[in-house]
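Novice:
Structure below.
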């Protein structure tokens with residue numbers, strides 16, 4: 025964000041706590057939510073409710089985490105209806121993602137290991153596109169294995185981009201800047 029010249033505030037969620045309230049998030053046009061190495065309680069039910077309220081009021085969300093789908097499970101309504109995704113499998117066994125044509129990430133290719141990234145791409149979820157979500161949605165990133173790793177969604181009211189891998193694992197500052205700019 026600094027490289028892109030974007031001002032931001034930072035909200036650190038203590039372990040075992042809920043994230044920011046919907047009223048707190050409502051003062052921001054965009055929310056970026058990382059779950060890092062969290063494998064459980066990635067999004068509490070309160071977090072999901074707060075994010076739903078924020079999005080229903082026209083917010084935009086960029087969310088990433090390698091075990092959001094694993095933690096929430098297949099059929100989770102927030103995952104399906106707000107992120108236009110469903111959990112498919114744990115650990116894609118891939119350290120690369122490639123952009124898909126017709127999306128914000130067309131032509132992009134990112135490595136998820138080594139370099140100056142966080143080196144925490146341990147169990148990146150495989151996800152499927154949930155097409156019953158309202159609006160338009162598309163797979164924006166696929167793992168090197170060919171399975172889905174990222175989905176962009178525009179409901180007409182809100183917009184989301186969901187990475188089923190840790191954004192911070194992208195292995196170069198230049199590529200992280202590119203991914204954030206596209207988001």
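Residue numbers (the working numbering): 25 to 207. Don't be surprised by glycine CBs; every beta carbon is placed ideally from N, CA and C.
Return the bridge partner residues of residue 55 from the DSSP annotation.
Specialist: Within the chain shown, the letter at position 31 stands for residue 55. According to DSSP, residue 55 bridges with 85.
Novice: When you compare the region 50–61 with the region 155–162, are there three or more beta-carbon pairs, one atom per stretch, that lie closer than 8 Å?
Specialist: Flag = no, the region 50–61 and the region 155–162 do not touch.
Novice: In chain order, what residues of the same chain have a beta carbon less than 8 Å from the beta carbon of residue 117, not counting five sequence neighbours either side?
Specialist: Numbered from 1 along the chain shown, position 93 holds the residue referred to as residue 117. The answer, listed in chain order, is 169.
Novice: Can you give the Cα-Cα distance for residue 137 and residue 203, rounded to whole angstroms?
Specialist: The residue given as residue 137 occupies position 113 in the chain shown. The residue given as residue 203 occupies position 179 in the chain shown. Between residue 137 and residue 203, the C-alpha separation is close to 15 Å.
Novice: Where in the region 66–126 do unbroken runs of the beta strand (DSSP E), each at least 3 residues long, occur, reported from the N-terminal end onward?
Specialist: Those beta strand (DSSP E) runs which fall completely within the region 66–126 and span 3+ residues are 84–88, 109–113 and 120–123.
Novice: Take the Cβ of residue 181 as the centre, count every other Cβ of all protein chains shown within 10 Å, and call the residue buried at 16 or more, exposed below.
Specialist: One-based indexing of the chain shown puts residue 181 at position 157. Exposed.
Novice: Measure the C-alpha to C-alpha separation of residue 120 and residue 107 and round it to an integer number of angstroms.
Specialist: Locating residue 120 in the chain shown gives position 96, counting from the first residue. Locating residue 107 in the chain shown gives position 83, counting from the first residue. Looking at the two C-alpha atoms, the distance is approximately 21 Å.
Novice: Does DSSP put residue 199 in a helix, a strand or coil?
Specialist: By 1-based counting over the chain shown, the position of residue 199 is 175. Helix.
Novice: At the level of alpha carbons, what is the spacing between residue 50 and residue 80?
Specialist: Numbered from its first residue, the chain shown carries residue 50 at position 26. Numbered from its first residue, the chain shown carries residue 80 at position 56. Rounded to whole angstroms, residue 50 to residue 80 spans 10 Å at the Cα level.
Novice: How do the region 95–102 and the region 163–178 stand: do at least 3 beta-carbon pairs fall below 8 Å, yes or no?
Specialist: Flag = no, the region 95–102 and the region 163–178 do not touch.
Novice: Which two residues bound the contiguous beta strand (DSSP E) that contains residue 50?
Specialist: Position 26 of the chain shown holds residue 50. Taken as a continuous stretch (DSSP letters only), residue 50 belongs to no beta strand (DSSP E), as it is neither H nor E.
Novice: Going by DSSP in three states, residue 191 sits in which element: helix, strand or coil?
Specialist: One-based indexing of the chain shown puts residue 191 at position 167. Correct three-state label for residue 191: helix.
Novice: As a quick exercise: from 206, 194, 71 and 132, pick the residue whose alpha carbon is nearest that of residue 42.
Specialist: Numbered from its first residue, the chain shown carries residue 42 at position 18. Nearest of 206, 194, 71 and 132 to residue 42, Cα basis: 71.
Novice: In terms of alpha-carbon separation, which member of 122, 193 and 199 lies closest to residue 174?
Specialist: The residue labelled residue 174 in the question sits at position 150 within the chain shown. Taking only the C-alpha atoms, the option nearest residue 174 is 122.
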